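Notes to accompany the following structure.
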Amino acid sequence: MSYTPDTLARLQADAAQIIARYPDGHSRSALLPMLHLIQSVDGYVSPNGIDFIAATLDLPRAEISAVATFYTQYKRHPTGDYLVGVCTNALCAVMGGDEIWEKVSEKVGVGSDETSEDGKITLERIECNAACDYAPVVMVNWEFFDNQSPESALEMIEDIQAGRDIHPTRGPIVAPTFKENERVLAGFLDGHENEGPSAGPATLLGREIAAKNGWTEPVADKAADQAPTKATKASTKASNKKGVKAK
416 MSYTPDTLAR
426 LQADAAQIIA
436 RYPDGHSRSA
446 LLPMLHLIQS
456 VDGYVSPNGI
466 DFIAATLDLP
476 RAEISAVATF
486 YTQYKRHPTG
496 DYLVGVCTNA
506 LCAVMGGDEI
516 WEKVSEKVGV
526 GSDETSEDGK
536 ITLERIECNA
546 ACDYAPVVMV
556 NWEFFDNQSP
566 ESALEMIEDI
576 QAGRDIHPTR
586 GPIVAPTFKE
596 NERVLAGFLD
606 GHENEGPSAG
616 PATLLGREIA
626 AKNGWTEPVA
636 DKAADQAPTK
646 ATKASTKASN
656 KKGVKAK
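For the sequence shown, this note's numbering assigns the number 416 to the initial residue and increments by one for each residue that follows.
Encoded structure:
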């Protein structure tokens with residue numbers, strides 16, 4: 416089934432903006448944001464989407480599929496309105512991530528990379544998202560929900576199921592849907608980029624301690640960094656002598 420004329424026209428207009436970000440003759444560089452664009456429309460990297468990208472960027476379908484299956488953010492089957500990822504990597508796991516996963520999976524009634532019957536929630540186990548200082552972490556459509564517990568995670572799931580807004584710890588005040596955030600990842604701002612903090616207290620603690628104590632970073636001595644040391648000079652001379660003898 417192909418795109419409707421209206422959908423195709425919107426895709427073509429958005430694709431033109433994406434391609435215009437890159438130098439002439441380098442349209443293939445637009446592949447990653449184009450994949451996000453397709454997901455913002457279809458909810459996954461669909462066969463129609465692959466055909467559209469292949470025709471627009473003049474790329475083989477096989478190459479597009481290879482990229483789409485390499486990165487975990489690209490999905491090969493329809494994704495729910497809310498992609499809920501529970502981190503079960505080492506630190507999050509020992510801090511409660513495994514228990515959160517068990518409770519959430521039981522509540523939604525699906526396993527990893529599966530979607531609820533109503534199409535609202537897709538669950539997945541995720542690896543480290545570089546938020547270890549807020550473990551255990553749950554992500555919803557790539558937005559952070561820090562310092563979670565089984566109780567708080569279940570409350571969030573219930574809010575999604577009931578159609579209520581959910582509120583990330585950082586970033587936008589209200590979590591966007593999967594398709595909405597995919598459009599942002601394609602490079603189109605949604606007006607919510609500066610709503611909430613991007614870093615929390617745990618991340619900023621070192622800077623706060625430094626400010627209280629008047630600590631500053633050392634000033635780099637560029638001349639000293641660039642000047643060769645005695646050991647380097649000696650090593651260079653020795654290498655040169657060996658080269659002369661070899662000749």
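Yeah, the Cβ is synthetic: ideal placement off N, Cα and C, and Gly gets one too. From a predicted model like this one, the values you see are computed outputs, not experimental measurements.
**Request:** Give the secondary structure of A543 by DSSP, where H, G and I count as helix, E and B as strand, and everything else as coil.
**Result:** In the sequence on display, residue 543 carries Cys and not Ala. The answer is coil: DSSP assigns C543 none of H, G, I, E or B.
**Message:** So, at 6 Å on beta carbons, what are the nonlocal neighbours of A550 in its own chain, with the 5 sequence-adjacent residues on each side left out?
**Reply:** Same-chain partners within the cutoff: L506, C507 and M510.
**Request:** Compare the C-alpha of T494 against each of K535, E521, V525 and I515 and name the closest.
**Result:** In terms of CA proximity to T494, K535 leads the group K535, E521, V525 and I515.
**Asked** By Cβ distance below 7 Å, which residues in the same chain neighbour T422 in space, the five residues on each side in sequence not counted?
**Response** The answer, listed in chain order, is V456.
**Prompt:** Is the Cβ-Cβ distance between I468 and M449 less than 8 Å?
**Reply:** Judged by their CB atoms, I468 and M449 are nearer to each other than the 8 Å cut-off.
**Message:** Nearest by alpha-carbon distance to V499: which of F593, E610, N562 and G615 is it?
**Reply:** Comparing Cα-Cα distances from V499 to each of F593, E610, N562 and G615, the minimum goes to F593.
**Touching by the beta-carbon criterion (3+ pairs, under 8 Å), the stretch 594 to 608 and the stretch 431 to 449** = Judged by Cβ distances under 8 Å, the stretch 594 to 608 makes contact with the stretch 431 to 449, as three or more pairs qualify.
**Collapsed DSSP secondary structure at G512 in the structure displayed** = The answer is helix: DSSP assigns G512 an H, G or I state.
**Asked** Nearest-angstrom Cα distance between D580 and V589?
**Response** Straight-line Cα distance between these residues: approximately 6 Å.
**Item:** According to DSSP, residues forming a beta bridge with G500
**Value:** Per DSSP, E539 and M554.
**Message:** Taking its Cβ as the centre, do 16 or more other Cβ atoms sit within 10 Å of P583, making it buried, or is it exposed?
**Reply:** Label assigned to P583: buried.
**Message:** For T681, report the span of its alpha helix (DSSP H) as first-last.
**Reply:** One cannot answer for residue 681 here, as it falls past the ends of the chain, which runs 416 to 662.
**Request:** Grab me the residues of G458's own chain with a C-beta within less than 7 Å of its C-beta, minus the 5 sequence neighbours each way, in chain order.
**Result:** Around G458: P493, T494, F593 and K594.
**Asked** Should K535 be flagged as near chain B, meaning a C-beta pair shorter than 8 Å?
**Response** In the structure shown, chain B does not exist; there is a single protein chain.
**Request:** Can you tell me the Cβ-Cβ gap for K518 and P565, rounded? I've got them flagged as a contact below 8 Å.
**Result:** Yes, K518 and P565 are in contact; Cβ-Cβ is about 4 Å, under 8 Å.
**Neighbourhood of P612 by C-beta, 7 Å cutoff - its chain only, sequence neighbours within 5 removed** = Correct list, in chain order: R585.
**Request:** Can you grab the Cα-Cα spacing for the pair K662 / L446, in whole Å?
**Result:** Residue confidence for K662 is low, a pLDDT of 49 falling below 50, so the modelled location carries little weight; the figure read from the coordinates is stated next. Our two residues, K662 and L446, have alpha carbons roughly 52 Å apart in a direct line.
**Message:** Nearest by alpha-carbon distance to N609: which of L619, I624, P587 and G629 is it?
**Reply:** Taking only the C-alpha atoms, the option nearest N609 is P587.
**Prompt:** Over what stretch of residues does the alpha helix (DSSP H) that includes A568 continue unbroken?
**Reply:** Per DSSP, the unbroken alpha helix (DSSP H) holding A568 starts and ends at P565 to A577.
**Message:** Buried or exposed, going by whether 16 or more other CB atoms sit within 10 Å of the CB of Y497?
**Reply:** That one is buried.
**Message:** With a threshold of 6 Å on Cβ separation, who are the neighbours of T419 within its own chain once the five nearest residues in sequence on each side are excluded?
**Reply:** Contacts found: none.
**Request:** With DSSP as the reference, please indicate the residues paired to T631 in a beta bridge.
**Result:** The bridge partners DSSP lists for T631 come to none.
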